[in-house]
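**Student:** To start, I am sharing the structure in question, which I have written as structure tokens.
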Amino acid sequence: VPSFNGSSHLRYRGLAESALTWLDLAITFKPTTPDGLIIYNGHRMDGTGDFMGLYLNDGFVEFAYDLGTGAAIVRSHDRVELSEWHEVRLSRTGRLAILTVDNQLPVEILAPGAFTQLSLPQNLYLGGVPNFGVVSPQVRVRSAFVGCIQKVQINGRSVAILAEALGGANVDNCPHPCVARPCGEDGECIPEMDYFTCRCKPGYRDHLCSRGPPSFRGTDSFFHLKDATTMEAISTDPLDINVRFKSSSESGLLLWAFTGSGFVSLGLRRGALELRFSSRYREEEMLVVHNSSTVHDGLWHRVKAVRDGSTGLLIVDNGPAITQQSVQIRPPNKPFGPPDVEGLFIGGMLHRLIGPVTGYRSGIRGCIADLVINADYHLGVINQSAIRHNIGECEV
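Here it is as structure tokens:
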């Protein structure tokens, strides 16, 4: 996933006659500044004549184009949120252009005059241009895009953003699970905002182009990781956890992260998921965010959990974000746990420790997959050099 820093750009063959009468454009991006040129293609090197450009202007998405008789500019209803992924769709047929941003209502505009065709023989630029002299003065920003551009689709065809580029400058990698190559040597990682899917060769049996994800049996069945990279990842604040799981047990520990100064845990209690974490401000307090959705049905569920200081957030599948939390008081002078529960536990913990340390009687009976911490740290748990206890293979 390419990252653009404000002095970056990628260059491609222009759309030429392929956008003559119609153009369908879809692009997924995550901006970190409110202004910047996202994509541009023009007719002449001096910025005159036909052009089309998509850009951010004061946080609004704008699409500008000129068919030869004057520019038209269509603007999104609302500003986009910075540092979040957004999907923009643009459809142009003749003089009419329709812009849709995320779940906002579509907005449309008609270009002035009688001309209906768009000729774009110059190079197409993504993320910026080497010189803004090539950009039409009708484009209302004069700065390059800052952030990540994940997916570009033009007239129904997905663009291989890096592979198809003819040239460019100052393009880096955006933090993303795909950077860690979770699909292995024989799979292609396809970004999907903060997540990914793997495009696998025939013969592989799971979605990570490898063996099936690990299964856990509930008692003394877990992974334990305590390497430096894992410890650094789970020590951050805010801490963002994304994971998929399926469970047949009504209660049990799904995940436990402990660094010595505090803990975060995910688990099932009476069939619903809960996020628990230690308070950063009062040692005796433990905060609990509880989701009421039933998840012990043996089906796959996706969870997003965030610990940000003394605030927690929990999202199950496509449900609402739950932030309401309760406070529980731990017994005085009781530590979070002995040193041998430091690190990241997945699926459970040693039976003699799990109850006193975590408050759960056992781990889950089920499967865990696609664990991602802080968007850029993917744990392919079946391949990690971790301590393993009674791990099976999940039926995909």
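Those letters in the sequence shown? Residues 1 to 396, per full-length UniProt numbering, in order. The C-beta atom is built at its ideal place from N, Cα and C for all residues, glycine as well. As the structure is a prediction and not an experimental result, all values here were calculated from the model.
Under three-state DSSP, which class holds D370?
**Tutor:** Reduced to three states, the DSSP call for D370 is strand.
**Student:** Whole angstroms are fine: how far does the CA of C178 sit from the CA of F216?
**Tutor:** Approximately 26 Å, taken between the alpha carbons.
**Student:** Buried or exposed, going by whether 16 or more other CB atoms sit within 10 Å of the CB of D66?
**Tutor:** By the neighbour-count rule (16 or more Cβ atoms within 10 Å), D66 is buried.
**Student:** Please classify A19: does DSSP put it in a helix, a strand, or coil?
**Tutor:** A19 falls in the helix class under three-state DSSP.
**Student:** Going by C-alpha to C-alpha distance, which of G68, I98, S292, V152 sits closest to G113?
**Tutor:** Closest by alpha carbon: G68.
**Student:** Taking the continuous alpha helix (DSSP H) assigned at H351, which residues delimit it?
**Tutor:** 351 to 358 is the extent of the alpha helix (DSSP H) around H351.
**Student:** Out of F51, N5, K151, S8, which one is the CA nearest neighbour of L15?
**Tutor:** Cα-wise, what sits closest to L15 is F51.
**Student:** Verify whether the separation of the beta carbon atoms of C198 and P182 is less than 9 Å.
**Tutor:** Yes, these two residues count as a Cβ contact at 9 Å.
**Student:** State the DSSP-derived secondary structure class of E84, mapped to helix, strand or coil.
**Tutor:** Of the three classes helix, strand and coil, the one that applies to E84 here is coil, per DSSP.
**Student:** From P332 to H351, what distance separates their C-alpha atoms?
**Tutor:** Low local confidence applies: a pLDDT of 47 at P332 is under 50, so the model's placement there is unreliable, and no value is given.
**Student:** For the structure I just gave you, are there three or more beta carbon pairs, one from the region 169 to 176 and one from the region 304 to 314, closer than 8 Å?
**Tutor:** Because the criterion of three Cβ pairs below 8 Å is not met, the region 169 to 176 and the region 304 to 314 do not touch.
**Student:** Less than 9 Å between the beta carbons of L110 and R95, yes or no?
**Tutor:** Result yes, Cβ atoms of L110 and R95 sit closer than 9 Å.
**Student:** Any contact of the region 220 to 233 with the region 123 to 141, i.e. 3+ C-beta pairs under 8 Å?
**Tutor:** Flag = no, the region 220 to 233 and the region 123 to 141 do not touch.
**Student:** Helix, strand or coil: which one does DSSP assign to V179?
**Tutor:** If DSSP states are grouped into helix, strand and coil, V179 belongs with the helices.
**Student:** V1 by DSSP, collapsed to three states: which one?
**Tutor:** Reduced to three states, the DSSP call for V1 is coil.
**Student:** What residue range is occupied by the uninterrupted beta strand (DSSP E) comprising A64?
**Tutor:** It spans 60 to 66 - the beta strand (DSSP E) in which A64 sits, taken as one unbroken run.
**Student:** Taking the straight line between their C-alpha atoms, what separation do you get for G147 and S83?
**Tutor:** Between G147 and S83, the C-alpha separation is close to 8 Å.
**Student:** L254 bridges to which residues according to DSSP?
**Tutor:** Beta-bridge pairing links L254 to no other residue.
**Student:** Spatial neighbours of D35 within its chain, please: CB distance less than 7 Å, with the 5 preceding and 5 following residues excluded, ordered by chain position.
**Tutor:** Within the same chain, D35 has close Cβ partners L56, N57, D58, V141, S143.
**Student:** Could you check how far apart the C-beta atoms of H301 and R365 are, in whole angstroms? I think they sit under 8 Å.
**Tutor:** With a Cβ gap of about 15 Å, H301 and R365 do not count as contacting.
**Student:** Apart from the five residues just before and just after A19, which ones in its own chain have a Cβ nearer than 6 Å to its Cβ?
**Tutor:** Closer than 6 Å at Cβ, skipping near neighbours: L118, L120.
**Student:** Under 9 Å, do M45 and V139 count as touching if we go by C-beta distance?
**Tutor:** Not in contact: M45 and V139 (Cβ atoms no closer than 9 Å).
**Student:** Span of the alpha helix (DSSP H) holding M231?
**Tutor:** Here the alpha helix (DSSP H) through M231 covers 228 to 234.
**Student:** Select from E17, K246, F29 the residue whose C-alpha is nearest the C-alpha of A369.
**Tutor:** Nearest of E17, K246, F29 to A369, Cα basis: K246.
**Student:** Looking only at its chain, what residues have a beta carbon closer than 7 Å to the beta carbon of P238, apart from the 5 residues adjacent to it on each side?
**Tutor:** Hits under 7 Å: V306, R307, D308.
**Student:** Taking Cβ positions, are G252 and G348 nearer each other than 9 Å?
**Tutor:** The answer is yes: Cβ separation under 9 Å.
**Student:** Taking the beta strand (DSSP E) that F216 falls in, what are its first and last residues?
**Tutor:** Per DSSP, F216 belongs to the beta strand (DSSP E) from 214 to 217.
**Student:** Whole-angstrom Cβ separation of L254 and G267, contact assumed at under 8 Å?
**Tutor:** About 5 Å separates the two Cβ atoms, so the contact holds.
**Student:** Look at V288 and L273 and say whether their C-beta atoms are less than 9 Å apart.
**Tutor:** It is not a contact, given that the beta carbons lie outside the stated cut-off.
**Student:** What are the start and end residues of each continuous beta strand (DSSP E) run of 3 or more residues lying completely inside the region 147 to 180, in chain order?
**Tutor:** Counting only runs of 3 or more, we get 167 to 173.
**Student:** Distance, Cα to Cα, I38 vs F4?
**Tutor:** Each residue's alpha carbon lies about 10 Å from the other.
**Student:** Considering only the beta carbon of each residue, do E87 and S76 sit closer than 9 Å?
**Tutor:** Not closer than 9 Å, so no.
**Student:** Roughly how far, in whole angstroms, is the beta-carbon of N170 from the beta-carbon of S8, given that I think they are within contact range, below 8 Å?
**Tutor:** Yes, they are in contact, since the Cβ atoms of N170 and S8 sit about 4 Å apart, within 8 Å.
**Student:** Measure the C-alpha to C-alpha separation of I98 and V107 and round it to an integer number of angstroms.
**Tutor:** In a straight line, the C-alpha of I98 is about 6 Å away from that of V107.
**Student:** Please state whether DSSP places G187 in a helix, a strand or coil.
**Tutor:** Residue state, collapsed to three classes: strand.
**Student:** Taking the C-alpha atoms as reference points, what is the distance between I391 and S221?
**Tutor:** Approximately 6 Å, taken between the alpha carbons.
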